[in-house]
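Quick mapping for you: the protein sequence lines, in order, are chains A and B. Just so you know, we're using the numbering used here here: the first sequence kicks off at 699 and counts up by one. Just so you know, we're using the numbering used here here: the second sequence kicks off at 699 and counts up by one. Think of the CB as a built atom: it goes at the ideal place given N, C-alpha and C, for glycine as much as any other residue. All values reported here derive from a predicted model rather than from experimental measurement.
2 protein chains.
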Amino acid sequence: MGTDSWIPPKVLVAVDLLIFTLRASQLQVLLVERGVEPFRGALALPGGFLNSSEEDLIDAAQRELAEETGLSWDQVRLDQLGVYGAPGRDPRGRVISVAYLAIMPRLPEPVAGTDAADAWWIPTHRALAPETSLAFDHRQILIDGVERARSQLEHSALATAFCGPMFTISELREVYEVVWDIRLDPRNFYRKVQSVPGFIEPAGPSRKTDKGRPARLFRPGPRQALDPPMTRPGERR
Amino acid sequence: MGTDSWIPPKVLVAVDLLIFTLRASQLQVLLVERGVEPFRGALALPGGFLNSSEEDLIDAAQRELAEETGLSWDQVRLDQLGVYGAPGRDPRGRVISVAYLAIMPRLPEPVAGTDAADAWWIPTHRALAPETSLAFDHRQILIDGVERARSQLEHSALATAFCGPMFTISELREVYEVVWDIRLDPRNFYRKVQSVPGFIEPAGPSRKTDKGRPARLFRPGPRQALDPPMTRPGERR
DNA sequence: TGAATAGTGTCTTTCAGACAGTATTAG
DNA sequence: CTAATACTGTCTGAAAGACACTATTCA
């Protein structure tokens with residue numbers, strides 16, 4: 699349209715990571731303190747620009763994930779959350795950012811990042827509190843990511859990603875209770891979760907201890923899409 | 699990391715549109731014939747590059763939508779489907795494409811595009827048939843878009859977007875039947891759809907004619923998220 | 001022993017699906 | 001009238017939620 703001399707603009711492309719985990723019975727997100735302008739000193743999602751014109755987006759996300767957490771490829775599933783590309787979102791110029799969602803199993807240690815001495819787990823409710831200011835449009839990305847995680851618990855086996863390779867049904871129930879911010883009946887949950895084919899599988903006759911009677915251990919099953927879905931109470935009606 | 703002289707790469711950004719509608723009891727998608735290389739002569743999704751560094755992504759999508767269909771802003775809802783940015787997807791160089799999903803009401807006329815004498819409605823099953831070749835990775839985008847539309851029918855009021863401002867419950871049912879490719883019991887659907895609060899509202903005492911008894915007219919209700927959701931049969935168990 | 005958590009059985013309510021039957025139009 | 005579609009009523013089976021009960025551990 700118009701003259702032949704028009705040339706489409708090129709823009710910078712970044713990837714940002716929403717890394718969620720469960721700590722202290724809270725949904726927490728990994729945030730870094732920015733060491734450079736803009737937003738120096740503010741909290742932000744870990745991320746960065748593409749390394750080269752040949753780097754795939756998902757590869758860039760996995761590279762950032764490895765840099766921040768030490769976890770690499772096939773240990774953590776990355777889901778594309780969306781693109782954030784409003785013209786004014788980065789004061790340095792036009793940058794569009796592709797956000798990825800990652801879930802990490804509950805870990806007792808702080809972060810254990812490689813070059814991430816400036817990274818912390820922050821409860822999402824605190825990260826989203828009015829007094830916390832996040833760089834760029836990362837507050838909106840975080841809001842969208844929490845909502846995505848909540849939704850994914852219903853229809854996918856995402857919840858098991860919050861647990862280790864072995865877990866009890868109580869631990870799995872805590873994932874739902876924390877992310878959805880509700881209480882679930884342990885007995886109904888117990889049977890419900892086992893009735894979904896392929897969701898979880900018994901993991902040997904082993905057991906585990908905590909406070910009362912030892913619980914059976916399970917591992918994630920083969921199914922990614924849950925059918926029938928886990929129904930979120932309070933959403934109905 | 700590394701030297702200070704490293705400069706992140708800039709890439710071209712495109713928007714591509716998945717425009718769906720219902721025609722002849724089929725889910726159809728608007729495709730254009732490419733007039734230039736690469737993929738000259740092949741079918742492709744309508745789309746194009748950002749106009750300028752200051753253009754917002756959604757604005758670019760709406761601009762393309764207006765160019766292809768004449769429909770503008772607030773007439774059609776656009777949902778971001780995702781980013782497609784594999785390094786080799788465009789032979790011209792690195793291009794990442796943001797795909798948007800749009801639903802248009804059923805229209806009797808062909809296309810009525812402005813500059814789109816080379817645009818056609820194609821049934822999705824034909825566009826996805828092995829003998830049809832689509833440019834770039836547009837086949838994958840189409841696959842993802844169809845799946846997104848199917849999923850959205852369950853949890854959102856997207857189905858009403860396929861209808862005009864007034865519709866009968868039979869027309870709404872046809873949307874579900876076509877997109878999900880199933881048959882639904884008209885009587886159960888009739889009550890189910892009215893029991894979801896805010897989904898549809900009676901639109902005056904008016905009526906409409908087709909073949910048998912005239913049907914009441916409805917209009918879209920205020921709710922975007924459906925609760926309880928419409929359940930897709932065949933998905934359960 | 002009691003406290004705490006794991007796991008089972010069972011009842012009730014709710015809702016999706018099946019389907020008979022009535023209402024209103026065109027021909 | 002018949003054919004066709006719109007709409008209503010009712011039954012049934014499956015699943016969600018409530019909750020009593022038993023099992024197994026620790027202190």
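key: Listed by chain order, chain A residues near Q778/B by CB distance under 9 Å   = As a first step, residue 778/B is located in the second sequence; it is residue number 80 there, counting from the start. Per Cβ cutoff of 9 Å: G780, V781.
inquiry  = Here's a check: name, in chain order, each residue in its chain whose Cβ is nearer than 8 Å to the Cβ of R848/B, leaving out the five neighbours to either side.
reply    = Locating residue 848/B in the second sequence gives position 150, where the first residue counts as 1. These residues qualify, in order along the chain: V877, W878, R930.
message = Can you check whether the C-beta of F747/A is within less than 8 Å of a C-beta belonging to chain B?
response = Position 49 of the first sequence, counted from the first residue, corresponds to residue 747/A. Chain B contact via Cβ: present.
request  = May I ask you to list the residues that DSSP assigns as paired with I801/B?
outcome  = To locate residue 801/B, count along the second sequence from 1; it is residue 103. F718/B, per the DSSP bridge assignment.
query = Looking at G786/B and the ligand NAD, is the gap between the Cβ and the nearest heavy atom below 7 Å?
reply = Questions concerning the ligand NAD fall outside what the structure shown contains, since it holds no ligand whatsoever.
ask   = Taking just the CA atoms, how far does L805/B sit from F865/B?
value = Counting from 1 along the second sequence, the entry for residue 865/B is found at position 167. Counting from 1 along the second sequence, the entry for residue 805/B is found at position 107. Approximately 13 Å, taken between the alpha carbons.
ask   = Can you name the residues of chain A whose CB is closer than 9 Å to the CB of S751/B?
value = Residue 751/B sits at position 53 when you count from the first residue of the second sequence. Neighbours of S751/B on chain A, chain order: P707, K708, V709, P785, G791, R792.
ask   = Does V796/B have its Cβ less than 8 Å from a Cβ in chain A?
value = Translated into positions along the second sequence, residue 796/B becomes position 98. With 8 Å as the cut-off, V796/B counts as an interface residue toward chain A.
message = Counting C-beta neighbours from all protein chains within 10 Å, is the total for Q726/A 16 or more, i.e. buried, or is it exposed?
response = Working through the first sequence from its first residue, we reach residue 726/A at position 28. Looking at its Cβ environment, which holds 16 or more other Cβ atoms inside 10 Å, Q726/A is buried.
inquiry  = How far does the alpha helix (DSSP H) with P918/A in it extend, from its first residue to its last?
reply    = Locating residue 918/A in the first sequence gives position 220, where the first residue counts as 1. Careful: P918/A lies outside any alpha helix (DSSP H), inside the beta strand (DSSP E) at 913 to 918.
ask   = Buried or exposed: where does Q760/A fall if 16 or more other Cβ atoms within 10 Å of its Cβ makes it buried?
value = Your numbering for residue 760/A matches position 62 in the first sequence. Q760/A should be labelled buried.
request  = Name the one or two DSSP bridge partners that Q778/A has.
outcome  = Looking up residue 778/A in the first sequence gives position 80. Y798/A.
key: Burial state of G862/B (16 or more Cβ within 10 Å)   = On the second sequence, residue 862/B is found 164 positions in, with the first residue counted as 1. Burial call: exposed.
task = Using 10 angstroms around the beta-carbon of D835/A, count the other beta-carbons present and answer buried if the total reaches 16, otherwise exposed.
result = For the purposes of this step, residue 835/A is taken as the residue at position 137 of the first sequence. Its Cβ being crowded by 16 or more others within 10 Å, D835/A is buried.
inquiry  = So F897/A and L720/A are supposed to be a Cβ contact under 8 Å. How far apart are they, rounded?
reply    = The count along the first sequence starts at 1 and reaches residue 897/A at position 199. The count along the first sequence starts at 1 and reaches residue 720/A at position 22. Contact doesn't hold; Cβ gap of about 18 Å is too wide.
CA-to-CA distance, L763/B to V730/B, given in whole angstroms = Here the question's residue 730/B lines up with position 32 in the second sequence. Here the question's residue 763/B lines up with position 65 in the second sequence. Those two C-alpha atoms are separated by around 12 Å.
message = Under 8 Å, Cβ to Cβ, is there at least one residue of chain B near T812/A?
response = As a working mapping, residue 812/A is identified with position 114 in the first sequence. With a pLDDT of 49 at T812/A, under the threshold of 50, the modelled position of that residue is not reliable, and no figure is offered here.
ask   = Excluding the five sequence neighbours on either side, which residues of its own chain have a C-beta within less than 7 Å of the C-beta of L743/A, listed in chain order?
value = The count along the first sequence starts at 1 and reaches residue 743/A at position 45. The answer, listed in chain order, is D714, L715, L716, L729, H836, I839.
request  = Give me the Cα-Cα distance between T812/A and D925/A, rounded to the nearest whole angstrom.
outcome  = Numbered from its first residue, the first sequence carries residue 812/A at position 114. Numbered from its first residue, the first sequence carries residue 925/A at position 227. With a pLDDT of only 49 at T812/A, under 50, the local geometry of the prediction cannot be trusted, and no value is derived from it.
task = Note down, in chain order, each residue of its chain lying with its Cβ closer than 6 Å to the Cβ of V844/A, except the 5 sequence neighbours on either side.
result = As a working note, residue 844/A is residue 146 in the first sequence. Cβ within range, chain order: T822.
ask   = Alpha carbon to alpha carbon, what distance is there between L832/A and V793/A?
value = The residue given as residue 793/A occupies position 95 in the first sequence. The residue given as residue 832/A occupies position 134 in the first sequence. Going from the Cα of V793/A to the Cα of L832/A covers about 17 Å.
request  = Show which residues of chain A have a CB atom less than 8 Å away from the CB atom of D754/B.
outcome  = Here the question's residue 754/B lines up with position 56 in the second sequence. The answer, in chain order, is G783, A784, P785.
message = Between the alpha carbons of G910/A and E869/A, how many angstroms are there, rounded?
response = Reading the first sequence from its first residue, position 212 is the one you call residue 910/A. Reading the first sequence from its first residue, position 171 is the one you call residue 869/A. Cα-Cα distance, rounded: 14 Å.
request  = Throw me the rounded Cβ distance for the E752/A and P785/B pair, which I believe falls under 8 Å.
outcome  = On the first sequence, position 54 is the one that residue 752/A refers to. On the second sequence, position 87 is the one that residue 785/B refers to. Right, the Cβ-Cβ distance comes to about 5 Å (below 8 Å), so this counts as a contact.
task = Tell me A712/A's beta-bridge partners as DSSP assigns them.
result = Sequence index remark: in the first sequence, residue 712/A carries index 14 (1-based). In DSSP, A712/A forms a bridge with F747/A, S795/A.
query = Should V796/A be labelled buried (16 or more other beta-carbon atoms within 10 Å of its own) or exposed?
reply = Taking the first sequence and counting its residues from 1, the one referred to as residue 796/A is at position 98. V796/A is buried by the Cβ-count criterion.
message = Buried or exposed for W771/B, going by 16 or more other Cβ atoms inside 10 Å?
response = Here residue 771/B refers to the residue found at position 73 when the second sequence is read from its first residue. Burial call: exposed.
ask   = Thinking C-alpha only, which one of M802/B, F916/B, L741/B is nearest G768/B?
value = Position 70 of the second sequence holds residue 768/B. Nearest C-alpha to G768/B: M802/B.
query = So who's on the other strand from P900/A, going by DSSP bridges?
reply = Locating residue 900/A in the first sequence gives position 202, counting from the first residue. For P900/A, which the question treats as bridged, DSSP gives the partners F916/A.
inquiry  = How far does the beta strand (DSSP E) with L729/B in it extend, from its first residue to its last?
reply    = By one-based count along the second sequence, residue 729/B stands at place 31. Counting along the chain, the beta strand (DSSP E) containing L729/B begins and ends at 724 to 731.
task = Could you give the DSSP three-state label for I820/B: helix, strand or coil?
result = For the purposes of this step, residue 820/B is identified with residue 122 of the second sequence, where counting begins at 1. Strand at I820/B.
ask   = Taking H853/B as the reference, which of A758/B, G780/B, A923/B, G746/B has the closest Cα?
value = By one-based count along the second sequence, residue 853/B stands at place 155. Ranking the options by Cα distance to H853/B, first place goes to A923/B.
Three-state secondary structure (DSSP) of F737/B = Indexing the second sequence from 1 puts residue 737/B at position 39. F737/B falls in the coil class under three-state DSSP.
ask   = When the Cα atoms are used, what is the spatial distance from Q850/B to L856/B?
value = Counting from one through the second sequence, the residue named residue 850/B turns up at place 152. Counting from one through the second sequence, the residue named residue 856/B turns up at place 158. So the two alpha carbons sit approximately 6 Å from each other.
task = Tell me whether I705/B is buried or exposed, calling it buried when 16 or more other Cβ atoms sit within 10 Å of its Cβ.
result = Here residue 705/B corresponds to residue number 7 of the second sequence, with the count starting at 1. Classification for I705/B: exposed.
Extent of the continuous alpha helix (DSSP H) run through W878/A = Taking the first sequence and counting its residues from 1, the one referred to as residue 878/A is at position 180. Segment 867 to 878, the alpha helix (DSSP H) holding W878/A.
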